[in-house]
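If you count the sequence shown from 1, position 437 lands on 437 in full-length UniProt numbering, and the numbers rise without skipping. We put the CB at the ideal spot given by N, CA and C, even for glycine. Report on one structure; see the data block that follows.
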Amino acid sequence: MEQHNRSPLHRKVAENKSTPIQTAKPIPVARREISPPPLRRKPQNGTSIPTTPAGPAGPHKDALQKPTASVTPKSLKFLHDQLKRLNSELSKDANEEEEELVFSDQGLITRVLDMEEEACETPTIYSNVVKNKIMVYKRMTVAQWKEERAREIAKEKAARAPTSDAPAVKPDGPPKPIETGLSPEEELALLPRLYTAIHDLSQHGYVTTIPTPAEIEKAKSGIEASKGWEVCDRCKTRFQVFPGRREEDGILASGGCCTYHFGKPYWKGRSSLDPKAKREKKWRCCDENIGDTSGCTTAEHHVFKVSEVKRLAAVLNFEKTPDNKLDSPISNRPVCIDCEMGYTVHGLELIRLTATSWPSGSPLLDILRYSGVYPQDITSAIPYSFSSSQLISQTKGKLRIVDSPATARTLLFSLITPSTPIIGHGLENDLNATRFIHPTIIDTALLFPHKAGLPYRNGLKMLMQTLLNRNIQMITFTEGKADGHDSEEDAIAAGELVRYQVGKEWEKMQRAGWKLKNGVFEPPTEGAGKGGTESKYERIVVGVSAGAKRNREDMES
Numbered sequence: 001m002e003q004h005n006r007s008p009l010h011r012k013v014a015e016n017k018s019t020p021i022q023t024a025k026p027i028p029v030a031r032r033e034i035s036p037p038p039l040r041r042k043p044q045n046g047t048s049i050p051t052t053p054a055g056p057a058g059p060h061k062d063a064l065q066k067p068t069a070s071v072t073p074k075s076l077k078f079l080h081d082q083l084k085r086l087n088s089e090l091s092k093d094a095n096e097e098e099e100e101l102v103f104s105d106q107g108l109i110t111r112v113l114d115m116e117e118e119a120c121e122t123p124t125i126y127s128n129v130v131k132n133k134i135m136v137y138k139r140m141t142v143a144q145w146k147e148e149r150a151r152e153i154a155k156e157k158a159a160r161a162p163t164s165d166a167p168a169v170k171p172d173g174p175p176k177p178i179e180t181g182l183s184p185e186e187e188l189a190l191l192p193r194l195y196t197a198i199h200d201l202s203q204h205g206y207v208t209t210i211p212t213p214a215e216i217e218k219a220k221s222g223i224e225a226s227k228g229w230e231v232c233d234r235c236k237t238r239f240q241v242f243p244g245r246r247e248e249d250g251i252l253a254s255g256g257c258c259t260y261h262f263g264k265p266y267w268k269g270r271s272s273l274d275p276k277a278k279r280e281k282k283w284r285c286c287d288e289n290i291g292d293t294s295g296c297t298t299a300e301h302h303v304f305k306v307s308e309v310k311r312l313a314a315v316l317n318f319e320k321t322p323d324n325k326l327d328s329p330i331s332n333r334p335v336c337i338d339c340e341m342g343y344t345v346h347g348l349e350l351i352r353l354t355a356t357s358w359p360s361g362s363p364l365l366d367i368l369r370y371s372g373v374y375p376q377d378i379t380s381a382i383p384y385s386f387s388s389s390q391l392i393s394q395t396k397g398k399l400r401i402v403d404s405p406a407t408a409r410t411l412l413f414s415l416i417t418p419s420t421p422i423i424g425h426g427l428e429n430d431l432n433a434t435r436f437i438h439p440t441i442i443d444t445a446l447l448f449p450h451k452a453g454l455p456y457r458n459g460l461k462m463l464m465q466t467l468l469n470r471n472i473q474m475i476t477f478t479e480g481k482a483d484g485h486d487s488e489e490d491a492i493a494a495g496e497l498v499r500y501q502v503g504k505e506w507e508k509m510q511r512a513g514w515k516l517k518n519g520v521f522e523p524p525t526e527g528a529g530k531g532g533t534e535s536k537y538e539r540i541v542v543g544v545s546a547g548a549k550r551n552r553e554d555m556e557s
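Spelled out as structure tokens, the structure:
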């Protein structure tokens, strides 16, 4: 009776009581963990309320911290021990030149801390990085350690050294006169002491052998297979060249405009307020950080440069200086040369060739193939006449023009022999542009080497400013045209640097005990001067001009 009188609501409640609990759907909010409040509550009865960890983040963090606290000092000590072992063994056998490779005690500690700082950049594999370094230096020999230190020192010097177009000191005051204390004939007699040996400089751009016809054919096949695709020498973009112009639109190169930085990169000095701050690498043309922009200058076309010898020979092959039968006054005269190059559909080609006499600096040859930078120069250039006895024009604005670089090379060959000293700065560029191989050269880029060694080189402009306090290659504007590079000026400048070095060489010879009597350089007697023995000076020909006839084999060896 009682059950019959129950209402539907009561019956529903009774059914729910008999239903299993596991079928109920709990509210999701009730199961979500609640973050603890930011401030700890004070207990009401004076007892602390135990709390549970919020999640697995705590134990995971402890697991990372535990090895770092226990393994790091021990690992660093092992690393320091291995570096100390290598450094000690190196210091035992180090000569005067290798002393800079040896760390001081504090420098060794700093080196280890720097390694640890690098390893901290990847904290998840920190221990593995340190342990791997320990094993590397544990297995390293002293010779390998010496090579590694030499590379590090060279890199540091290169970072500290100014770039080739950044003089360390700007000219202040009048130009320095060159006083060698010798007559022109005596300067000529000392010139062989400054000759540059090129037999071991092939890796730095010097060509010593003429490419064979088979090599040239292989290069031509490669050019044909590439279908004109090149890499831009300025912005490094790939583009296609059309030497005969593209038929559909007549363009010479694809890829549109070229955006690039025309200046060279340099390292900005550290701030005096924060000497440990990271140095920034910037462009000298616009002072922007490298990587910030694609360029500050825009040109109409992309351009390319060919450096491979076989490809250069495919356009115009190399030739060795012929054995000309010249009169004595001409054959004894050193020649300074400089070339101006320009971008064409065949790469970087010869535009202007200038030759001057040394040490007077008087012009011998100044001719052009295209006449150069501006179109109006082509129309004003005077065609060269082989019947004319005068090789140069009396005015700078009227330069003689020839039809090809091969013709310009022939004219230069008429002035020199294999024994004629060729003087210039970065001569491998001039020789390769003119496509000739010459055994007797003086390259001022190698005569005044960069402190970081090859392939780094000091610029001609910087050398003239720092050594002779003279400005060259200054940009001036004449009738809306910018004039800044003159091959005649650069050729004379290279000759002036050689005269400067001849004076320094004579000072060194005098300290060694050399004497000049009646125009003859007399070597020091046995034991005179520091290290002055006769065998050391056997190669010096005293009283004979620098252009004396010698065998080609003697000059190339």
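Tell me whether the beta-carbon of residue i lies closer than 8 Å to the beta-carbon of residue j.
{"i": "LYS310", "j": "ALA219", "result": "yes"}
{"i": "LEU463", "j": "LEU427", "result": "no"}
{"i": "MET115", "j": "LYS131", "result": "no"}
{"i": "THR444", "j": "ARG409", "result": "no"}
{"i": "ILE223", "j": "ARG499", "result": "no"}
{"i": "ILE210", "j": "ASN317", "result": "yes"}
{"i": "GLN203", "j": "LYS138", "result": "no"}
{"i": "CYS286", "j": "GLY263", "result": "yes"}
{"i": "VAL520", "j": "LEU191", "result": "no"}
{"i": "ILE153", "j": "GLU118", "result": "no"}
{"i": "TYR260", "j": "THR297", "result": "yes"}
{"i": "GLY495", "j": "ILE423", "result": "yes"}
{"i": "THR196", "j": "LEU446", "result": "yes"}
How long is the line joining the alpha carbons of residue i and residue j, rounded to whole angstroms?
{"i": "LYS155", "j": "LEU411", "result": "43 Å"}
{"i": "ASP486", "j": "TRP514", "result": "39 Å"}
{"i": "LEU113", "j": "SER75", "result": "12 Å"}
{"i": "GLU98", "j": "ASN87", "result": "12 Å"}
{"i": "VAL315", "j": "ARG400", "result": "23 Å"}
{"i": "ARG457", "j": "ASP249", "result": "43 Å"}
{"i": "ARG284", "j": "GLY295", "result": "12 Å"}
{"i": "HIS425", "j": "ILE125", "result": "50 Å"}
{"i": "SER328", "j": "THR417", "result": "In this predicted model, SER328 has a pLDDT of only 49, less than 50, meaning its place in the structure is not dependable enough to derive any value."}
{"i": "GLY244", "j": "LEU252", "result": "7 Å"}
{"i": "LEU431", "j": "LEU353", "result": "11 Å"}
{"i": "CYS257", "j": "ARG238", "result": "12 Å"}
{"i": "LYS504", "j": "ALA493", "result": "17 Å"}
{"i": "GLY459", "j": "ILE472", "result": "11 Å"}
{"i": "GLU319", "j": "GLU185", "result": "31 Å"}
{"i": "GLU280", "j": "LYS508", "result": "41 Å"}
{"i": "GLY205", "j": "ASN429", "result": "8 Å"}
{"i": "LEU415", "j": "ALA143", "result": "50 Å"}
{"i": "LEU312", "j": "GLY342", "result": "15 Å"}
{"i": "PRO363", "j": "PHE413", "result": "15 Å"}
{"i": "PRO383", "j": "SER183", "result": "38 Å"}
{"i": "residue 560", "j": "PRO334", "result": "For residue 560 there is no data in the structure shown, the boundaries of the chain being 1 and 557."}
{"i": "ALA491", "j": "ILE198", "result": "20 Å"}
{"i": "ALA94", "j": "HIS450", "result": "24 Å"}
{"i": "GLY278", "j": "LYS268", "result": "Sequence check: residue 278 is Lys here, not Gly. About 10 Å."}
{"i": "GLU488", "j": "TRP506", "result": "27 Å"}
{"i": "ARG149", "j": "PRO455", "result": "18 Å"}
{"i": "ARG193", "j": "ILE441", "result": "11 Å"}
{"i": "PRO167", "j": "GLN240", "result": "For PRO167, the predicted model reports a pLDDT of 46, less than 50, meaning its position is unreliable; a value from the coordinates is still stated below. Their backbone Cα atoms lie some 38 Å apart in a straight line."}
{"i": "MET474", "j": "PRO524", "result": "45 Å"}
{"i": "PHE103", "j": "PRO123", "result": "28 Å"}
When we look at the beta-carbon of residue i and count the other beta-carbons within 10 Å, is it buried (16 or more) or exposed?
{"i": "GLY181", "result": "exposed"}
{"i": "MET135", "result": "exposed"}
{"i": "LYS176", "result": "exposed"}
{"i": "GLY173", "result": "exposed"}
{"i": "LEU90", "result": "buried"}
{"i": "ALA57", "result": "Confidence in ALA57 is poor, its pLDDT being 49 and thus under 50, which makes the residue's placement too unreliable to answer from."}
{"i": "ILE216", "result": "buried"}
{"i": "GLU308", "result": "exposed"}
{"i": "GLN465", "result": "buried"}
{"i": "SER419", "result": "buried"}
{"i": "ALA189", "result": "buried"}
{"i": "GLY107", "result": "exposed"}
Give me the Cβ distance between residue i and residue j, rounded to the nearest whole Å; I'm assuming they're in contact under 8 Å.
{"i": "CYS336", "j": "THR356", "result": "5 Å"}
{"i": "VAL306", "j": "GLY347", "result": "4 Å"}
{"i": "VAL207", "j": "ILE437", "result": "6 Å"}
Mind listing, in chain order, the continuous beta strand (DSSP E) runs of no fewer than 3 residues lying wholly within the stretch 399 to 439? 422 to 424
At which residue ranges does the stretch 218 to 271 contain complete beta strand (DSSP E) runs of 3 or more residues, listed in the order of the chain? List check, beta strand (DSSP E) in window: 229 to 231, 238 to 240, 258 to 260, 265 to 267.
Kindly provide the ranges of any alpha helix (DSSP H) runs that are 4 or more residues long and lie completely inside the stretch 101 to 126, ordered along the chain. List check, alpha helix (DSSP H) in window: 105 to 119.
Could you pull out every unbroken alpha helix (DSSP H) segment of at least 4 residues lying fully inside the stretch 480 to 524, listed in chain order? 487 to 512
Which runs of the beta strand (DSSP E) fall wholly inside the stretch 339 to 370 and span at least 3 residues, in chain order? 347 to 357, 363 to 368
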